[in-house]
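For the sequence shown, this note's numbering gives the first residue as 99, with consecutive numbering after it.
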Amino acid sequence: MAKRRCLTKIRVTQNNVDDEHCDTTFTSFSTEEVRNINSSNVNERTNTNNGLQEETRLSSSSEHSRALMSHFDEATGDDESDTAERTVKSRGPTLLADIWNQSPDEKLVVKFNKEGQPYGEESSILASFIGTIGRNPELAPQGYTDWRLVPKEYKVRCINEIKLRFSFPRCGEDHIQKALGRTVKDFRGELKATYYEPNKHNRTSLVNAKPPRVPRDQCLKLLSNWDHDKTKRRATINRNNQKNQNMPHCAGRQSIAQLRAKKTIDGVEPSRAQIFIETHKDRKTRDKKSIDEESAKAVEKMKEKLEELPNGIEQMNGKIAWKGDIFDQVIGKEERRGRVRGVGGGVCASKLWGDFSGQQQSSEQRGEDSSNLVEKLLNDIKVMQSKHSEEMRVLQEKRDLELKTVMDKHHRLESHIHELVNLFTQRAPTNNPKDISDTTEYSNSIN
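Here you go:
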């Protein structure tokens with residue numbers, strides 16, 4: 099708990115609290131409740147409990163707080179019974195009672211980097227606090243197959259609970275929403291692995307075996323989803339994909355953003371290759387497990403390429419990753435859409451090199467593509483010019499034909515007029531009725 103006192107905090111006033119925060123129920127834990135929760139693990143957590151008792155001397159909990167505490171009490175009771183059967187003590191669920199009981203006038207300041215990732219000691223506490231929310235069905239219901247399907251009011255309530263205790267930039271909300279979705283999904287997976295029996299068709303017994311913290315209606319929705327054929331097929335595919343994964347890292351709970359911040363020297367951030375080397379080492383555990391052979395070969399190749407660079411530092415205009423860097427040269431796989439390997443979660447290709455393709459291209463390939471594009475544009479221009487010339491030719495022929503038709507009509511009319519003039523000129527005027535009759539007949543014949 100002494101380490102918690104070194105965290106960055108700011109003091110806020112009630113007048114500065116946003117209206118949206120006022121709708122959020124402030125959940126607090128009393129000292130007595132915290133003491134009861136941790137009594138089962140007193141041998142391992144004596145010092146921690148003493149620190150909690152000193153920092154959580156607030157007023158008695160609200161009714162919502164007692165309901166939330168009952169979930170944690172029941173979950174801890176389940177852990178105790180399992181511990182008795184296995185004769186192995188467990189640490190119990192993460193409660194973060196001191197954060198839930200934190201004064202409304204104080205907030206932990208969480209820093210985010212330019213890629214929108216949290217870093218620093220406060221980010222670890224934020225991640226743990228998000229975990230306590232994602233595992234609380236009252237705040238984050240478990241009856242939905244996807245976090246995106248959860249009604250907006252639940253998401254707003256979760257964000258407001260976090261805003262009451264943490265201060266972070268607006269760009270961090272997207273990361274927090276994704277983290278909440280992952281936490282809810284992970285908890286759903288834990289419930290399935292612990293309580294679900296695929297071959298057990300008695301749903302009543304499955305519901306009765308559910309953990310107390312999950313409401314009955316949410317449990318029934320989970321069972322319906324798990325029994326669906328589509329879900330079973332997807333689970334089989336995911337299990338096979340998990341078995342085929344290779345090159346696991348050994349960074350533990352520390353995020354890549356935190357590690358990158360620690361390894362930044364004089365404003366120069368480490369590249370993907372340097373981060374890969376740091377996160378793929380022989381594990382310093384009791385079993386002293388070594389990294390896999392494929393990771394060892396990749397680390398060796400990256401070290402050789404880094405030694406060829408000046409001062410062994412790989413950088414390019416302040417970027418942490420780019421197409422054709424050492425990591426890309428050694429791993430040699432295409433990036434998936436929406437993510438970039440080796441830089442941590444929440445970073446997509448558009449944030450780093452401005453496209454969504456995920457295709458690895460060298461400068462020569464990009465130059466060749468540009469030349470092909472120019473050639474294609476020139477060909478398109480030629481085709482358009484040829485098409486335009488053909489259209490103009492057809493239009494000119496049509497205009498000439500219409501003009502010829504008009505001129506022919508004009509010539510015929512002139513010819514008729516000339517004949518009439520000649521007729522009247524050759525014949526002098528007379529009063530003879532016969533001559534007048536002949537002239538009239540001739541005029542009618544012309545018309």
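Note that CB positions come from ideal geometry on N, CA and C, so glycine has one too.
| Check | Outcome |
| --- | --- |
| Backbone secondary structure at Arg301 - three-state DSSP | helix |
| C-alpha distance - Lys401 paired with Asn415, whole-angstrom precision | 21 Å |
| Asp203 versus Lys308, Arg263, Arg435 and Asn211, residue with shortest Cα-Cα distance | Arg263 |
| Helix, strand or coil at Ile389 [DSSP, three-state] | coil |
| Check: Ile429 C-beta below 7 Å from any heavy atom of the ligand SAM | Of the ligands one can find in the structure shown there are none, so the ligand SAM has no counterpart to examine. |
| Thr106 (DSSP reduced to helix, strand or coil) | coil |
| Touching by the beta-carbon criterion (3+ pairs, under 8 Å), the region 235-253 and the region 312-330 | yes |
| Inter-stretch contact at 8 Å, needing at least 3 Cβ pairs: the region 290-304 / the region 223-230 | no |
| Helix, strand or coil at Phe266 [DSSP, three-state] | coil |
| Backbone secondary structure at Glu216 - three-state DSSP | One point to set straight first is that residue 216 is Pro, not Glu, in the sequence displayed. The answer is strand: DSSP assigns Pro216 an E or B state. |
| Gln372, buried or exposed, once every other Cβ within 10 Å from all chains shown has been counted against 16 | buried |
| For Gly190 and Gln457, the rounded distance between their alpha carbons | Bear in mind that a pLDDT of 43 at Gln457, under 50, signals an unreliable position, so the number given afterwards is only what the model happens to contain. Straight-line Cα distance between these residues: approximately 45 Å. |
| Cross-strand partners of Met414 (DSSP beta bridge) | Lys417 |
| Three CB pairs or more closer than 8 Å across the region 321-335 and the region 361-381 | no |
| Nearest-angstrom beta carbon gap, Gly279 and Pro216 [assumed within contact, 8 Å] | Rounded, the Cβ-Cβ distance is 16 Å, inconsistent with contact. |
| Uninterrupted alpha helix (DSSP H) stretches inside the region 217-257 (no shorter than 4 residues) | 219-232 |
| Cα-Cα separation, Asp196 to Ile274 | 20 Å |
| Candidates Thr281, Glu517 and Glu259, of which the one nearest Trp245 by Cα | Thr281 |
| DSSP beta-bridge partners of Glu204 | Arg109 |
| Rounded separation between Leu247 and Gly430 - CA only | 36 Å |
| Min CB distance Lys209 to chain B below 8 Å | Annotation note: the requested chain B is absent from the structure, which comprises a single protein chain. |
| Secondary structure of Val472, DSSP reduced to three states | helix |
| Span separating the alpha-carbon of Leu450 from that of Ser484 | 42 Å |
| Distance, Cys348 Cα to Asn258 Cα | 34 Å |
| Outcome for Lys308 when other beta-carbon atoms lying within 10 angstroms are tallied against a minimum of 16 | buried |
| Span separating the alpha-carbon of Gln524 from that of His516 | 12 Å |
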